[in-house]
Every structure is written in structure tokens, then in C-alpha cells.
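Here's the structure, in C-alpha cells; my notes come after.
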Amino acid sequence: MVGLFAILILTLLVLRLPVGDSLTLLYQGAFGSEAGVHRTLVRAIPLVLCGLGVIVAWRAGMYNIGGEGQFVAGGIAAAAAVKPLFAMAQPPAWWVVFLLAGAASIGGGAAWGALAGWLYVKRGVEVVISTILLNFIALQLLVYLASGPLQESKHQLPLTDRLSSGMMLPKFNSQTDLHVGIFLALLTVVAVYIVLYKTKAGFCLRLVGENARVARANRINSGQVRLLSMALSGGLCGLAGGVEYAGVAGQLGSSFSQQWGFLAIPVALLAALNPIWLIPSAIYFAAILAGSKTMAGFVSDGTVLIYVIQAAAVLGLVAIRAYTSRRVIQTEAT
Amino acid sequence: MDLALLLVFSTPLALAAMGELVGQRSGVINIGLEGMMLIAAFLGVYVAKSTGSIPLAFLVPAIAGAALGLVSGFFTVRLGADQVVVGTAINFLALGATGLAYRSIYGTSGQLLDVAAMTKFWGIDGMVVLMLLLIPIIGFAIYRTNWGLVLRAAGDYPKAAEAAGYSVSRIRMQAVVIGGVFAGLAGAYLSLGVANSFAEGMTAGRGFVAIALVTFGRWRPLYVTLAALLIGYCQSLKFSLQESGVPAFVIVALLILSAIAVLGVVLARRVHYRNAAWILVFGGLAVSALLNLPKTVAVPSQLWLALPYVVALAVLIVVGKGTVAPGALGIAYKRER
Chain A
-18 MVGLFAILIL TLLVLRLPVG DSLTLLYQGA FGSEAGVHRT LVRAIPLVLC
32 GLGVIVAWRA GMYNIGGEGQ FVAGGIAAAA AVKPLFAMAQ PPAWWVVFLL
82 AGAASIGGGA AWGALAGWLY VKRGVEVVIS TILLNFIALQ LLVYLASGPL
132 QESKHQLPLT DRLSSGMMLP KFNSQTDLHV GIFLALLTVV AVYIVLYKTK
182 AGFCLRLVGE NARVARANRI NSGQVRLLSM ALSGGLCGLA GGVEYAGVAG
232 QLGSSFSQQW GFLAIPVALL AALNPIWLIP SAIYFAAILA GSKTMAGFVS
282 DGTVLIYVIQ AAAVLGLVAI RAYTSRRVIQ TEAT
Chain B
72 MDLALLLVFS TPLALAAMGE LVGQRSGVIN IGLEGMMLIA AFLGVYVAKS
122 TGSIPLAFLV PAIAGAALGL VSGFFTVRLG ADQVVVGTAI NFLALGATGL
172 AYRSIYGTSG QLLDVAAMTK FWGIDGMVVL MLLLIPIIGF AIYRTNWGLV
222 LRAAGDYPKA AEAAGYSVSR IRMQAVVIGG VFAGLAGAYL SLGVANSFAE
272 GMTAGRGFVA IALVTFGRWR PLYVTLAALL IGYCQSLKFS LQESGVPAFV
322 IVALLILSAI AVLGVVLARR VHYRNAAWIL VFGGLAVSAL LNLPKTVAVP
372 SQLWLALPYV VALAVLIVVG KGTVAPGALG IAYKRER
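First to last, the protein sequences are chains A and B.
So the first sequence is residues -18 to 315, counted in my numbering.
So the second sequence is residues 72 to 408, counted in my numbering.
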């Protein structure tokens, strides 16, 4: 955590920004007011959900970097499932919309993730490559659907129909964006933690990722486990898309995805692929994203800043880990 | 189809894939290729803008690529860190660094950044020639030199290279730096030769497609370049088609071309009948679907944008990983173990 903070300060120094003022502004923007706290937490929701998706896949040795595509696939599935509701005379309650959108988004994301998993297991296609290709395909699919079959009923803008505020997830404060999806995110963290560490399936999943030979010696079908882990991972990232759709965006367009699936990868890595550590990690980066809104004078967009911080942090972590493990080997040798 | 345009579009892919091929033959998979290309693309435009010298605008990105290769190699080869994690970090670094530099130097107006087009003869320039020359050069270096033998040994069975008295980590570092140089040239050509501009995230997955091309081209220079031509063709389609609608014969030509490429590559490996069945299924489906498509509905432009990725993925599905991949690909070598 100290390291992350140091890297933030270093980045500010490299950018020749006034460190003290920037940090104050960042803090003010992220935690200084109720609006700021809400701004931070609402950004933490997709980071947590996608981060869980990353954890589930990477723990099984599947380098899923397609959270972005699975997020979009989830959003598409949610919008498609909700579309018939717009024809109803009486707009349905929010929980009806959310049950439908949530289930569809999990299905859509899981299908997108399982496709990459299946390609790996059956055809030996590297997950790193197939998931990134599927990202771009999902994005083009989104643009096509938003201006084609799923376009809003007036057929003017490349967007889907907008959910009315009564159909979206309830908010804590009508002035800010934070919605009840945060409870879902926390529940999912607990659920993933239990599955990974307290069930046999989770043990098999971690074993396959840790040492596939031992898993095979114990008659674990690692192909099946990996395929399932990719489906689960895609489902979680898809759910993030569904929650974003039903909670914040309310409609799909080409800018639906805000790189959540990408940003979540280092978030999960810096949490050491642990669901519990994911929460502070996600809040830290969500805070920088939210806080940088108030720093607009210095940095126009928090996302770029975050990329640099994340990259530096991951490389630092990798170096530290490699050095410590190297030392162990050397002492063994002498 | 304009042959020169096809070559120009394929060049960044082919250059990057060729560098990746050298790296993968030594056992290192460089996931950070995309990021290296992006940084090089920015540097190319920056140098060309500030000095006006095109040779310098290729030299600087090439050196930067080599430096990034050194950094990446330090983590993956010397420290033996996970190659996917390091590559992902480099991609993030590139996205952030180029975004920040672009915004602080050229502002955030979103105005298009123009660079003068490179001088071309018959639509072809030096980089295209280099791409074509690389096929025999890399082929010779890999298959006909002692260095190439050690390189392939380091990728297939590093213990053998080590036992013969060569340093696996040194040869891998060399390969990664060579890959970085080519990534730098590819990125610079992308901004200077193809787009004549820079935009944030302009590589748009080309680095990852290039990695896929190495698998598709079975780790052989000629096949990899042919594969790059196929994907470059798909990329150039959206520019040549958008004005005039989509004539059906172009689609047929595309399908035949891809079928030939796939068949050629796969048959060269004397494939199992199951793989041939895959090709028939895919080809048949694609032909029947696409032949009817232009007649019934106008093909959405997004299809053309997605086509390079779809084709790359479809090809990977058909050829699979196979048994020709370097044996120690993606596995860090540690002497002590």
C-alpha cells in the first residue's frame, strides 16, 4: 500500500505536477464529500466484479485479459433481454428489470468467456490472444447492435432505449450515481471467496492453476476445470456489464465500456489475486479515477494516469517477488 | 485490389510478427508487443514532427523498442517473471505513457495530428521492401547459422543449449531485443506510413494480431509473412469497400484467398483429416453465409472493422496450436533447477 502511494507521488513528480496540491485535490475529489465518496464507490463496483472475474480465471492458470469483451457481452445480453419490457404499458419494477438483466448478462459474459476457454482446451489457442481478439469483436458487435437491431425506438441515435429511472437500480442519493449494486458486489466477493477457499471445486481450480501435473495425478480433469473457470470468469465480468447497464448507464452505445475490464487486471494482480484484498485495491484505483475528475486542470483524464500507476506497480511487484524468490534459491545452493 | 495498398497495410503486422517470431523461437512470448508498437508509433510522429527527418523518425522508435525489449527481458529472462504479467504491464505502461505525452504535447482538442506522407515509389517505400527482404534474412539467420541453432535450442529444449556451453538467458535477451527493434519499426511505420497520424490506442490490437500470426504462420518466416498479408488484406478492405458498397466478388476473392492460405499452411504440415474437416466446415459456412448476405441485406460496416480479428481467430481455431510450437515457449529458464 505504501508502495502504491509512493508510485502515485513518483508519477506526479514525473509529470511535473505540484505534489501537495494534486494529492489534496485527489483526496478532496475522492473522499472529501458525500458526492466524492459516492463517485469513488460507484467506480469500485465494476472494478471489483471484473477483478473477481480476473481472479477466478488467473487462479486456474487462464490468463483471461478479455474482461472488456465479456463486460460488453454482458451489457449486450442485458439490453437484449430487457428490450421487450419497453413495449409494456406499465414500466416494470426495478427488480424485475434487474433480475432479467443480471441473469442475461451473466449468461452473455459466460458464453463469451467460455468460448475462449473452449478454444484453449480443444484447440490449444492461447487465452491471452483469443480473449483480446474477442474484445475487439465484442466492441464491433456492440456498435453494430446499438445502431441496428437494438437501436432506440426512434431510430435516430446509435444508442439503445434508455431505462427510465424507475427501472434502474435504486440510488442512495438522487444527486449522485451510487446504486445498490454495491451490495451485490460485496456479496459476490464473499461468494467467490467461499467458492475458491472453502469448496472442493475451488480447491481443484486453484490446484490446476498452481500445478497442473499434481492435479492430473489426482485425476482432476484440468481441461474441464479451466473451461468452467473461464465461463465463471466471463460470467462475473458480464455481470459487471449488466450492473453497469442497469445501475449507471441505462443504455448502450459505443462508449458503454469505460475500460473496466482492462483496468481490473492490474487491480486484481495488485490484490495478489485474493478476493478480499481486491476490495482495497479496487477502492484505491477507483479513488484515483474519481479524484482525478477534480484535477482536470492538471490531468485531463484519470484513466491514462491510472494506466501508468498500475503498470509501474505491477512491474515493481513482479521485481520484488522475483528478487525474493531468487534469494531463496541462492541460499539453498550455497 | 491495389497491391501496393495491401503491402502497406501488411507491413506493420509482418514486421512486428517477425520480431515476435524470433522471440518465440527462443522461448519468450512477448505479450507487450502491442504496447511497444504504440510507444514507437507515438515516438515516430513526435520525432518526425519536431525534426522533420524520416530516417530519424524510424531510428528513435527502433532504439526505444530495443530499450523496451531490454526492460521486458530483464523481468522475463533475467528474473524469470511471468511473461504474461510483464507483457500486460508493458501494455498498460504504453497506453498511459503515450496518452499522457500526447495530451501534454499536443493538447486535448482531439484535433487530427497530420504528418507528411512518406515518399513512395509505385506506392511502396523502404519499409515494405524491408518486410519482404526479412523473409530470407530471418530465415537464413534462424535455419542456417550457428546463432539460429542455439536460438531454436533455447526455445525448444534450453537444457541442451546450456549443456552445449551457451547461455540461454543471453540468447533469449538478444532475441527479445531484436523483437523490440522490429516492434519499434512496425509501430513507427504504422503511424508514419499507414495512418500519417497518431491517435491514442491507435495500434488497436495489431500487436496481439501479430502474436496470433506467429502461431498461424507456424513459427516460419515465410508463412508468417503470408499470414500478415492475409490479415493486412482484411484490414485494407474497409478502406477500399466503404465508398463503393460491397461487391460480392470481393467477398468471394477474400474467401478463396483465405482458404488457399489456410489450406497451404495446414497441408504443409500434413494434417490430420479432422483439421481438414474443420476447414471445410468453416469455409462452407462462410461462403454460404456471405454469398447470400450482400444480396439480401447491406453488410454493416462494423463487419469490416471486425473482420481482421474474426479471421485471425478463425484461423487460430482451424490450425490450433499443433506440435510445432517451441517446446519451452513461455516457460522461464532457471539454471538452478
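Ideal placement from N, C-alpha and C gives every residue a C-beta, glycine not left out.
Given the structure is predicted, the values throughout are model-derived calculations rather than measurements.
Fewer than three pairs of CB atoms, one per stretch, sit closer than 8 angstroms, so the region 240 to 248 of chain A makes no contact with the region 66 to 79 of chain A. Around the Cβ of GLN95 (chain B), a 10 Å sphere holds 16 or more other Cβ atoms; the residue is buried. Think of a sphere of 7 angstroms around the beta carbon of THR159 (chain B): the chain A residues whose beta carbon falls inside it are ILE46, ILE246, in chain order. Going by DSSP, MET148 (chain A) is part of no alpha helix (DSSP H) at all; its letter is neither H nor E. In the three-state reduction of the DSSP assignment, HIS160 (chain A) falls in the strand class. Here LEU104 (chain B) has ALA87, GLY90, GLU91, GLY158, GLY250, ALA254, GLY278, PHE279, ALA281, ILE282 as same chain residues with Cβ atoms under 8 angstroms from its own Cβ, once five neighbours each way along the sequence are excluded.
Assigned with DSSP and collapsed to three states, ILE195 (chain B) falls in strand. Taking LEU114 (chain B) as the centre and dropping the five residues before and after it, the same chain places the C-beta of VAL131, PRO132, ALA135 closer than 6 angstroms to its C-beta, in chain order.
For the region 17 to 41 of chain A, the beta-carbon criterion of a distance under 7 angstroms to any beta-carbon of chain B is satisfied by none of its residues. With a threshold of 16 other beta carbon atoms within 10 Å, GLY258 (chain B) meets it and is buried.
Apart from sequence neighbours up to five positions away, the residues of its chain that approach ILE46 (chain A) with a beta-carbon distance below 7 angstroms are VAL109, THR112, ILE113, ILE246, ordered along the chain.
In the three-state DSSP reduction, LEU140 (chain A) falls in the coil class, being neither helix nor strand.
The beta carbon of ALA59 (chain A) sits closer than 6 angstroms to those of ALA82, ALA85, SER86, GLY223, TYR226, all from its chain and outside the five residues before and after it, given in chain order. Its chain contains SER203 as the residues whose beta carbon lies nearer than 6 angstroms to that of ALA193 (chain A), once the 5 sequence neighbours on both sides are disregarded; these appear in chain order. Of all residues in the region 82 to 116 of chain A, those with a C-beta nearer than 8 angstroms to a C-beta of chain B are LEU100, ARG104, GLY105, VAL106, GLU107, VAL109, ILE110, SER111, ILE113, LEU114, LEU115, ASN116, reading in chain order.
Neighbours of ILE118 (chain A) in chain B, taken as residues at a C-beta separation under 7 angstroms, are given in chain order as ALA377, TYR380, VAL381. In this structure, the alpha-carbon of GLY162 (chain A) lies about 51 angstroms from that of ILE242 (chain B).
Rounded to whole angstroms, the Cβ separation of LEU259 (chain A) and ILE36 (chain A) is 7 angstroms, and the two are in contact under 8 angstroms.
Residues of chain A whose Cβ lies closer than 7 angstroms to the Cβ of VAL155 (chain B) are, in chain order, TYR44, VAL109.
LEU92 (chain B) is outside the set of residues whose beta carbon lies under 7 angstroms from a beta carbon in chain A. The beta carbon of LEU261 (chain B) sits closer than 6 angstroms to those of PRO83, ALA112, all from its chain and outside the five residues before and after it, given in chain order.
The beta carbon of TYR288 (chain A) sits closer than 7 angstroms to some beta carbon of chain B. Here the region 287 to 295 of chain A does not lie against the region 23 to 37 of chain A, with fewer than 3 beta-carbon pairs under 8 angstroms apart. Rounded to whole angstroms, the separation of the alpha carbons of TYR177 (chain B) and GLY10 (chain A) is 26 angstroms.
Of the candidates B:MET108, B:LEU171, B:ILE125, B:MET108 places its Cα closest to the Cα of GLY140 (chain B). Setting aside the 5 residues that flank it on each side, LYS405 (chain B) is surrounded in the same chain by GLY151, each with a C-beta closer than 7 angstroms to its C-beta; the list follows chain order. Counting C-beta pairs with one atom in each stretch, the region 256 to 270 of chain A and the region 164 to 180 of chain A have three or more that are closer than 8 angstroms, which means they touch. Taking 4 residues as the shortest admissible run, the region 266 to 304 of chain B contains the following complete alpha helix (DSSP H) segments, listed from N- to C-terminal end: 277 to 287. Cβ proximity to chain A below 8 angstroms picks out GLY276, PHE279, VAL280, ILE282, ALA283, THR286 from the region 276 to 291 of chain B.
Taking a Cβ-Cβ threshold of 9 angstroms, the residues of chain A close to ALA168 (chain B) are VAL285, TYR288, VAL289, ALA292, in chain order. Fully enclosed alpha helix (DSSP H) runs of no fewer than 4 residues occupy 125 to 144, 154 to 177 of the region 110 to 192 of chain B, in order along the chain. Neighbours of ALA300 (chain A) across chain B, judged by C-beta separation under 9 angstroms: PHE145, PHE146, LEU150, ALA152. Between ALA16 (chain A) and THR169 (chain A), the gap from beta carbon to beta carbon reaches 7 angstroms or more.
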